[in-house]
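Chemist: Let me begin by handing over the structure; questions about it come next.
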Amino acid sequence: MGDIDFQAMEFAYEKHADQSAGAAPRHQVVVVGAGPVGLTTALDLARQGVRVVVLDDDYRLSTGSRAICFSKRTLEIWDRLGVGQRMIDKGVSWNVGKVFFREQEVWRFDLLPEPGHRRPAFINLQQYYAEGYLYEQARQEPNIDLRWKNKVAGVTQADDGVDLTIETPEGPYTLHADWLVACDGARSPVRKLIGQESHGRIFRDRFLIADVKMKADFPTERWFWFDPPFHPNQSVLLHRQPDNVWRIDFQLGWNADPVEAVKPENVLPRIRALLGPDAQFDLEWVSVYTFACERMDKFRHGRVVFAGDSAHRVSPFGARGANSGVQDAENLAWKLKLVLAGLAPDTLIDSYSAEREFAADENILNSSRATDFITPKSDISRSFRNAVLNLAKTHPFARSLVNSGRLSLPATYAASPLNTPDADAFKGRMVPGAVALDAPVAAHGDEGWWMSQLDGGFVLAVFCDGALPSRDVQSALQSLRMAAVPVKAVLVAGPQCDVSGLSADLPVVTDVQGCLAKRYDAEAGTAYLIRPDQHIAARWRAFNAEAVAAAVKRATGHA
1 MGDIDFQAME FAYEKHADQS AGAAPRHQVV VVGAGPVGLT TALDLARQGV
51 RVVVLDDDYR LSTGSRAICF SKRTLEIWDR LGVGQRMIDK GVSWNVGKVF
101 FREQEVWRFD LLPEPGHRRP AFINLQQYYA EGYLYEQARQ EPNIDLRWKN
151 KVAGVTQADD GVDLTIETPE GPYTLHADWL VACDGARSPV RKLIGQESHG
201 RIFRDRFLIA DVKMKADFPT ERWFWFDPPF HPNQSVLLHR QPDNVWRIDF
251 QLGWNADPVE AVKPENVLPR IRALLGPDAQ FDLEWVSVYT FACERMDKFR
301 HGRVVFAGDS AHRVSPFGAR GANSGVQDAE NLAWKLKLVL AGLAPDTLID
351 SYSAEREFAA DENILNSSRA TDFITPKSDI SRSFRNAVLN LAKTHPFARS
401 LVNSGRLSLP ATYAASPLNT PDADAFKGRM VPGAVALDAP VAAHGDEGWW
451 MSQLDGGFVL AVFCDGALPS RDVQSALQSL RMAAVPVKAV LVAGPQCDVS
501 GLSADLPVVT DVQGCLAKRY DAEAGTAYLI RPDQHIAARW RAFNAEAVAA
551 AVKRATGHA
C-alpha cells in the first residue's frame, strides 16, 4: 500500500447538531487549530477520557513541508499517543551533524552518542505527514469531535468558561467551553480576539527554503555551511527528508526581495551551485521566511490557554518551534484532566503557564544566540564568528562556541512549584523537574523500554537489586492505585533479582543492562515519582508512603 497523499486531502464541511441547538451547547475543552500541537493536545486529552471539540477554519492539512525536524522527546510523547512508530517508519532518523566553514569541515557532532535509547535524536519528516498521522489517530478517538471550516469569530470570557461564536458555510452558531486551548498558529486569531499580543524581536535577515526531489548519495546527516564557495558570505543548511526530498535553506540577507527570491529563475541557480551543473532534481516547495523570536507575556488568560506558535515563536534553526509546541500540549493535557475531574484546583493551570513560559524563554535565548552567530550584525561580530570557526577544527574549546542552531532539548523545570525538593543526596541529571530518560528493560521476559511504562498517569519507580521489598511494602505500593489521584508503582529489578515471590498485581521490569539504575543514580530502595508528562516530580533513597502522598499532592497543585 502506497503513502496517502496528505497534501491532496480535503475535508468536507459537515453541519453539526450544535448548530441547531437552542442554547449554546457546553463542552469541556475546545481546541482551536488542527495542526501538530492542536491534534496532540486533543489526542492526549481524549486518551484520558476528556471529550474534546477541535475547530479549524481550513479544510486541508499544512501546505508544504514546513517543520521537518522532530526530536526524540516529541517522538516519546507521540509513542504514548500511539503514533510514534508510524512517524519513525516514515521519517529519516539522524543523530550526526557536520559544520563547514568555507570549503572545510570544522566540526562533527553526535547528538545521541550513547546506546540504550529507543528513539534517535531526531527524525526528519514533512509536517504534512506528521499532521496526517495525528489526524488519522484522532479520527479513531470517540472523544474527539473534529470540525472543519469552523472559524472562531468571537471569544467572550465567563466565570465558568468561554463563550464562542463560530462562523461556518451555513452561518454562525455559538457554543460554551469550560476551557479553550488556542493552538491556532503564529498569527493566532484567538489571541487577537481577546486583545493580546506577542512581544519579541524580528531579525533583519531572510532565508529561502527549497525542497528538492532528487536521488543523492549524501549521508543522512545535518550539514551546515558558513560562507561556502557556492554561496559566499552567507549560510546554507542541507537536510534529507523522506521520498528522496532534500531541504536546502539559503541565507539571502535582509535586502532580498521575497517575491523575486522564490521565482524558479532565481532559485535554480542557487541549487545548481550547490549540487553541480548536471544535477537532476525537481522543485517541490519554495518559501521565504524571516527570523523572529517572540512570545506572549502570559500563556493563560482566564479559561483561555495558548500553546504552540500562538504562544511563542522562534527562529527555525534548532528545531525548537513544533517540538516545543508538542511539549506544551503534553504539559497542559494532564493538568486540564485533573482540574476538570475536580482532583486539582484550577491554579494547576498556572503551573502550565509558568513552566512553559520558562521553556519558551530558554528556546528564545538559544534561538536568538544561534541567529546572531549565523547572521553577524557587525564586522567585529563576523570576525569573531570566523575566528571561532577556524579554531573549531583543531581546538575543542572553540566547538562549544559554534552555533549553527543549538538543537531542541526538553526543558528542566527546576524551579517548578510542583517539584518536591530532594531530601537525600543524588548525582546525575534526573533532578526534580527533569524529563525522564529511557533505557532498555524486560517485562515478563520480553525486551522493551522504560518509557513504555510511563503511560500518562503518575508512576512510582522503586528500584530493587538483590531482594524484593517486604510484603508490607508491596502492599503499600499496590494501594497507591486506589488513591484519588492514582499512582502506578513499578518495581525495577536488577538483572540478578529473583522476582518469583512478587505479587501478581505489582508490575515489574528488569533493568537488563543496569542502564536505568545508572541513569537514575539508583540504589536498592531508591524511588522516583514521575508525573504524567514524564517529568520527575520527586525522588527518595527509600520508599515512604506518606512522602509519596505529599509529593502527589504538591504535584497536583495542592501545595
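Heads up: the sequence shown runs through residues 1 to 559, numbered per UniProt numbering.
In this text, a Cβ means the ideal position worked out from N, Cα and C, and glycines have one as well.
1) Please decide whether A559 counts as near chain D, where near means a Cβ-Cβ distance under 9 Å.
2) Given this structure, state the Cα-to-Cα distance separating P469 from A517, to the nearest angstrom.
3) Output needed for Q19: all residues of its chain with C-beta closer than 6 Å, excluding positions within five of it in sequence on either side, in chain order.
4) What does the Cβ neighbour count give for F218, buried or exposed, with the cut at 16 atoms within 10 Å?
5) How would you call G325, buried or exposed, if buried means at least 16 neighbouring beta carbons within 10 angstroms?
6) Pick helix, strand or coil for V402, following the three-state DSSP scheme.
7) Under the assumption that L418 contacts S353 (Cβ atoms under 8 Å), give the Cβ distance between them as a whole number of angstroms.
8) Taking a contact to mean a Cβ-Cβ separation below 9 Å, would you say D422 touches R554 in this structure?
9) Report yes or no: do the stretch 73-92 and the stretch 103-114 share at least 3 C-beta pairs separated by less than 8 Å?
10) For A344, which residues of its own chain have a beta-carbon under 6 Å away from its beta-carbon, when the five flanking residues on both sides are left out?
11) What did DSSP end up calling residue 588 once you bin it into helix, strand or coil?
12) Do you know offhand how far R382's Cα is from P376's?
13) Helix, strand or coil: how does DSSP classify Q453 here?
14) What is the DSSP secondary structure of P169, counted as helix, strand or coil?
15) I need the boundaries of the alpha helix (DSSP H) containing P36, first residue and last residue.
16) Counting only runs that start and end within the stretch 164-213, where is the beta strand (DSSP E) found for 3 or more residues in a row?
17) When we look at the beta-carbon of M1 and count the other beta-carbons within 10 Å, is it buried (16 or more) or exposed?
18) Please go through the same chain and pick out, in chain order, the residues whose beta-carbon is closer than 7 Å to the beta-carbon of R26, but skip the five residues on each side of it.
19) P440 bridges to which residues according to DSSP?
20) What are the boundary residues of the beta strand (DSSP E) that includes I4?
21) Spell out the partners DSSP gives E105 in its beta bridges.
22) Looking at the structure shown, is K263 part of a helix, part of a strand, or coil, going by DSSP?
23) If you count every other CB in all the chains shown that lies within 10 Å of the CB of K263, and 16 or more means buried, which is it?
24) Distance, Cα to Cα, I144 vs A42?
25) Nearest-angstrom Cα distance between R471 and V508?
26) So what's A322 in DSSP terms, helix, strand or just coil?
27) For V512, I'd like the list of residues in its chain whose CB is within less than 7 Å of its CB, leaving aside the five on either flank, ordered along the chain.
28) Taking Cβ to Cβ, would you say R481 is nearer than 9 Å to V490?
29) Assign S500 to one of three DSSP states: helix, strand, or coil.
30) Is Q137 buried or exposed, if buried means 16 or more other CB atoms sit within 10 Å of its CB?
31) Given 8 Å as the limit, is there contact between the stretch 358-368 and the stretch 189-198, that is, 3 or more CB pairs closer than that?
32) If you follow the alpha helix (DSSP H) that D89 is part of, which residue opens it and which one closes it?
33) Between C69, V152, V37, Y135, which lies nearest to F11 when the distance is taken from Cα to Cα?
34) Helix, strand or coil for S93? Go by DSSP, reduced to three states.
35) Does the count of Cβ pairs from the stretch 176-190 and the stretch 85-99 closer than 8 Å reach three?
36) Determine which residues share a DSSP beta bridge with Q534 and list them.
Modeler: Quick answer:
1) Protein chain content of the structure displayed is limited to a single chain, and chain D is not contained in it.
2) The straight-line gap from Cα to Cα measures roughly 17 Å.
3) The residues Y173, in chain order, have a CB closer than 6 Å to that of Q19 in the same chain once the five nearest residues on each side in sequence are set aside.
4) It counts as exposed.
5) Flag for G325 reads buried.
6) Of the three classes helix, strand and coil, the one that applies to V402 here is coil, per DSSP.
7) With a Cβ gap of about 13 Å, L418 and S353 do not count as contacting.
8) Going by beta carbons, D422 and R554 fall outside the 9 Å limit.
9) Short answer: they don't touch.
10) In chain order, L338, T556, G557 place their CB closer than 6 Å to the CB of A344, counting only its own chain and leaving out the 5 sequence neighbours on each side.
11) For residue 588 there is no data in the structure shown, the boundaries of the chain being 1 and 559.
12) A straight-line Cα-Cα distance of about 5 Å links R382 and P376.
13) Reduced to three states, the DSSP call for Q453 is helix.
14) P169 falls in the coil class under three-state DSSP.
15) That run of the alpha helix (DSSP H) goes 36-47.
16) You should have 173-182, 198-213.
17) The predicted position of M1 is uncertain, since its pLDDT is 46 and thus under 50; a value taken from the coordinates is nonetheless stated next. In this structure M1 is exposed. Its beta-carbon is surrounded by fewer than 16 other beta-carbon atoms within 10 angstroms.
18) Cβ within range, chain order: H176.
19) Under DSSP, the beta-bridge partners assigned to P440 are W449.
20) No beta strand (DSSP E) holds I4; DSSP gives it neither H nor E.
21) As DSSP reads the structure, E105 sits in a beta bridge with F100.
22) Three-state DSSP puts K263 in coil, outside helix and strand.
23) The residue in question, K263, is exposed, as its Cβ has fewer than 16 Cβ neighbours within 10 Å.
24) The straight-line gap from Cα to Cα measures roughly 7 Å.
25) Linking R471 to V508 through their CA atoms gives a straight-line distance of about 15 Å.
26) Per DSSP, reduced to three states, the secondary structure at A322 is helical.
27) Within the same chain, V512 has close Cβ partners P440, V441, A442, P495.
28) Going by C-beta atoms, R481 is not nearer than 9 Å to V490.
29) If DSSP states are grouped into helix, strand and coil, S500 belongs with coil.
30) By the neighbour-count rule (16 or more Cβ atoms within 10 Å), Q137 is buried.
31) Result no; under three Cβ-Cβ pairs closer than 8 Å.
32) Unbroken alpha helix (DSSP H) run through D89: 84-90.
33) For F11, the closest C-alpha among the options C69, V152, V37, Y135 is that of Y135.
34) Under the three-state reduction of DSSP output, S93 falls in the strand class.
35) Segments in contact, no.
36) The partner list for Q534 (beta bridge, DSSP) is empty, contrary to what the question assumes.
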